[in-house]
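*Asks:* Residues in the sequence shown are numbered consecutively from 28, following our numbering.
Built from N, CA and C at the ideal position, the CB exists for glycine as well.
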Amino acid sequence: VQPSATEGFGLEVVEALSYNRPVVCSVGAGASDIVPESWRVVACNADALASAIDGWRHHPSVEPQPRHLAERYTWDKIKNRYREVWQSLL
28 VQPSATEGFG LEVVEALSYN RPVVCSVGAG ASDIVPESWR VVACNADALA SAIDGWRHHP
88 SVEPQPRHLA ERYTWDKIKN RYREVWQSLL
């Protein structure tokens, strides 16, 4: 769970995904951009967060396994993306 309104990215989200763990992420946390919309909750809304956690607990196989999402964010791939962004700015 990444319950933050302003977290920069949240590596624990990618780490959880890499272990095929379900993820709940608040909108506003940087890592919320990489998870499906159905896994996102409104930031600072405890009821929405509790409902999402409860949903995963009672229906863990509703969504496909998330490991494929984490595979896009390995350090070798991110390093190249950083390099491309910096080169485009120079």
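Are the beta-carbon atoms of Ile61 and Arg99 separated by less than 9 Å?
*Replies:* The residue you call residue 61 lines up with position 34 of the sequence shown. The residue you call residue 99 lines up with position 72 of the sequence shown. Their beta carbons are under 9 Å apart, which means Ile61 touches Arg99 by this criterion.
*Asks:* Identify, in the order they occur along the chain, each residue of the same chain with its Cβ nearer than 6 Å to the Cβ of Asn72, setting aside the five sequence neighbours on each side.
*Replies:* Taking the sequence shown and counting its residues from 1, the one referred to as residue 72 is at position 45. Correct list: empty, nothing qualifies.
*Asks:* By DSSP, does Ala32 sit in helix, in strand, or in coil?
*Replies:* As a working note, residue 32 is residue 5 in the sequence shown. Three-state DSSP puts Ala32 in coil, outside helix and strand.
*Asks:* Mind reading off the beta-carbon distance from Val41 to Cys52? Whole number of angstroms is fine, and I expect it under 8 Å.
*Replies:* What you label residue 41 is simply residue 14 of the sequence shown in a count that begins at 1. What you label residue 52 is simply residue 25 of the sequence shown in a count that begins at 1. With 8 Å as the limit, Val41 and Cys52 do not qualify as a contact, their Cβ atoms being about 11 Å apart.
*Asks:* Nearest by alpha-carbon distance to Gly35: which of Pro49, Val50, Val28, Gly55 is it?
*Replies:* For the purposes of this step, residue 35 is taken as residue 8 along the sequence shown, with counting starting at 1. Ranking the options by Cα distance to Gly35, first place goes to Gly55.
*Asks:* Within the same chain, show all residues whose beta-carbon is closer than 7 Å to that of Ala43, passing over the 5 residues directly before and after it, in chain order.
*Replies:* Taking the sequence shown and counting its residues from 1, the one referred to as residue 43 is at position 16. Exclusion of the five residues before and after Ala43 leaves Val50 as the residues of its chain whose Cβ lies within less than 7 Å of its Cβ.
*Asks:* Please state whether DSSP places Arg84 in a helix, a strand or coil.
*Replies:* By 1-based counting over the sequence shown, the position of residue 84 is 57. DSSP places Arg84 in helix when its eight states are reduced to three.
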